[in-house]
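Undergrad: Could you have a look at this structure, given as structure tokens, before my questions?
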Amino acid sequence: MNNNCCNEGLAPAELARRQPKRSPYNSSETLFTALDVYYDDVPHSAGLNMAVDEALLQYATHPVIRFYRWRFPALSIGYFGRFADVATYQIERDLVRRWTGGGIVFHGEDLTYSIVIPANNAAFFVTSISVYEEIHRALCAALAETGQYAVVAHSDDPARLNASVGARRAALSDAGYNCFTTPVRADLLINGRKVAGAAQRRQHPGDRHWERFGRTICAGFIGELQGA
């Protein structure tokens, strides 16, 4: 199932066309019945990381998860963000636009992953919040295997939830808005602090889900996503 496909000398499109081993698993309780896994062991520049994600979005024919790191300190903004809002950071960090929405995220030593779901896959038709929750449940279980207790944030009060989501959306226009400072429904928390959040963007030919986290728990996370 696992494949080291990434090499600094390969073009993003060539990386995306390489097909890793696939591990099919049939279960009505898991989000994916098969998942292509890419371990990008070589840290890349912010621009190359986003270029590889773009290539996967264009060429992936099965659900794909890619794990990667950053060669230099970077700051990413959401697809609809404005570079003018973060221009003051360009002296100290690479600036790049993500293929998903959301606010700004600072990158350095974090491990990041992206998931691409082709439009012809059953998971593409699952609601955005359901995909978000399922992925974070899998990540929560993988963290538990390492002895870290995490919870998936939820709200039983619709008014409170809507207010929280509304506040986060309103903050998207603020230059200082940081995705990891404002927990909302389905974010991952440890001791009340947000440790994992994500963004999605749906478009033809597929849906892209993006996230970062700070622990190397890839194998357990993948297993939970597939029910292995």
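Residue numbers for the sequence shown follow the numbering used here, so the first one is 1 and each next one is one higher.
Even glycine gets a Cβ: it sits at the ideal position worked out from N, Cα and C.
Would you call residue 32 buried or exposed, if buried means 16 or more other Cβ atoms sit within 10 Å of its Cβ?
TA: In the assembly as shown, residue 32 is a buried residue. Its beta-carbon has 16 or more other beta-carbons within 10 Å.
Undergrad: Check each candidate in 93, 89, 81 and 111 and name the one with the smallest Cα separation from residue 103.
TA: 81
Undergrad: What does a CB cutoff of less than 6 angstroms around residue 50 pick up in its chain, not counting 5 residues either side in sequence?
TA: 96
Undergrad: Across which residues does DSSP place residue 189 in a beta bridge pair?
TA: Note: residue 189 is bridge-paired with 151 and 194 in the DSSP secondary-structure output.
Undergrad: Looking at the unbroken beta strand (DSSP E) that takes in residue 231, where does it start and where does it end?
TA: Past the edges of the chain, shown from 1 to 228, lies residue 231, and the structure says nothing about it.
Undergrad: How far does the alpha helix (DSSP H) with residue 86 in it reach, from first residue to last?
TA: Run containing residue 86: none; DSSP gives neither H nor E here.
Undergrad: What are the boundary residues of the beta strand (DSSP E) that includes residue 111?
TA: Element bounds for residue 111: 111-118.
Undergrad: Suppose you measure from the CA of residue 134 to the CA of residue 191; what does that come to, to the nearest Å?
TA: 21 angstroms
Undergrad: Just to confirm the assignment, what range does the alpha helix (DSSP H) spanning residue 129 have?
TA: 128-145
Undergrad: Secondary structure at residue 32, three-state DSSP: helix, strand or coil?
TA: coil
Undergrad: Tell me, to the nearest whole angstrom, how far the beta carbon of residue 36 is from that of residue 99; I am working on the premise that it is less than 8 angstroms.
TA: About 18 angstroms separates the two Cβ atoms, so there is no contact after all.
Undergrad: Beta-carbon separation of residue 151 and residue 137 under 8 angstroms?
TA: no
Undergrad: Per DSSP, which residues does residue 70 bridge with? Please list them.
TA: BP columns for residue 70 point to 44.
Undergrad: Smallest Cα separation from residue 106: which of 126, 124 and 78?
TA: 78
Undergrad: Please identify the residue among 86, 195 and 45 whose C-alpha is closest to the C-alpha of residue 149.
TA: 195
Undergrad: Keeping to the same chain, check which residues put their C-beta closer than 7 angstroms to that of residue 230; ignore five residues upstream and five downstream.
TA: There is no way to answer for residue 230, as the model of the chain reaches only from 1 to 228.
Undergrad: Going by beta-carbon coordinates alone, are residue 131 and residue 56 separated by less than 8 angstroms?
TA: no
Undergrad: Leaving out five residues on either side along the sequence, give the residues of the same chain with a beta carbon under 6 angstroms from the beta carbon of residue 76.
TA: 96, 98 and 105
Undergrad: What do you reckon, are the CB atoms on residue 39 and residue 67 nearer than 8 angstroms?
TA: yes
Undergrad: Given a cut-off of 8 angstroms, decide if residue 63 and residue 123 are closer than it, judged by their beta-carbon atoms.
TA: yes
Undergrad: Would you mind sorting residue 114 into buried or exposed? The rule is 16 or more other CB atoms within 10 Å of its CB.
TA: buried
Undergrad: For residue 128, I'd like the list of residues in its chain whose CB is within less than 6 angstroms of its CB, leaving aside the five on either flank, ordered along the chain.
TA: Cβ within range, chain order: 200.
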